[in-house]
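*Asks:* Mapped onto our numbering, the consecutive letters of the sequence shown carry residue numbers 34 to 150. Every residue gets a Cβ at the ideal spot worked out from N, C-alpha and C, and that includes glycine.
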Amino acid sequence: MRPNAERAGQPIHCPVCGHHNRCERAEGNDTCWCSLERVDPALTQWLQGRGIDDTCLCRVCATEGVRSPCTGTCTLDETTDTCRGCGRTSHEIARWPTASSIDRARILMRLRERTNS
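#1: Sorted by chain position, which residues of the same chain lie with C-beta nearer than 6 Å to D110's C-beta, five sequence neighbours on each side aside?
#2: Could you pull the start and end residues of the alpha helix (DSSP H) that G82 belongs to?
#3: Rounding to the nearest angstrom, what Cα-Cα distance links T64 and E57 in this structure?
#4: Hey, would you say N54 sits closer than 8 Å to L90, going by beta carbons?
#5: So the alpha helix (DSSP H) A59 belongs to, where does it begin and stop?
#6: Exposed or buried, R83, counting other C-beta atoms within 10 Å across all chains shown (16 or more means buried)?
#7: Distance, Cα to Cα, G98 vs L141?
#8: Got a sec? Which residues, its chain only, sit under 7 Å from S134 by beta carbon, not counting five neighbours each side?
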């Protein structure tokens, strides 16, 4: 379904969580696990609207939903209002249980931007 990510010079990491997407086409195979799985169409459409349409999601984000980045070290930094374990803000943590897959993807992508800057 997706172009060969590695040969096209595209990332081989999930654009949502950052984990390796295990793209079998990037490894030179003709097919990939993603062609056999039902991926959340709302999440796929949202990513495509942001120009992220040629990078495969990892299997977890694609099929099980966007997972929590919680590390079990839940201590808020009072200065930044972020968790020292996962890096989410207290607002993001509070929203997580009822957040849609798109909202969870937004949170994780913001989190990755914060931690990479």
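*Replies:* A quick look at the data gives this:
#1: Spatial neighbours of D110 in its own chain (CB-CB distance under 6 Å, excluding positions within 5 residues in sequence) are listed in chain order as R117.
#2: Element bounds for G82: 74-82.
#3: So the alpha carbons of these two residues sit roughly 7 Å apart.
#4: Yes. Within cutoff.
#5: That residue, A59, is in no alpha helix (DSSP H); it is neither H nor E in DSSP.
#6: So R83 counts as exposed.
#7: Their backbone Cα atoms lie some 12 Å apart in a straight line.
#8: Contacts found: D73, A75, L76, G98, V99.
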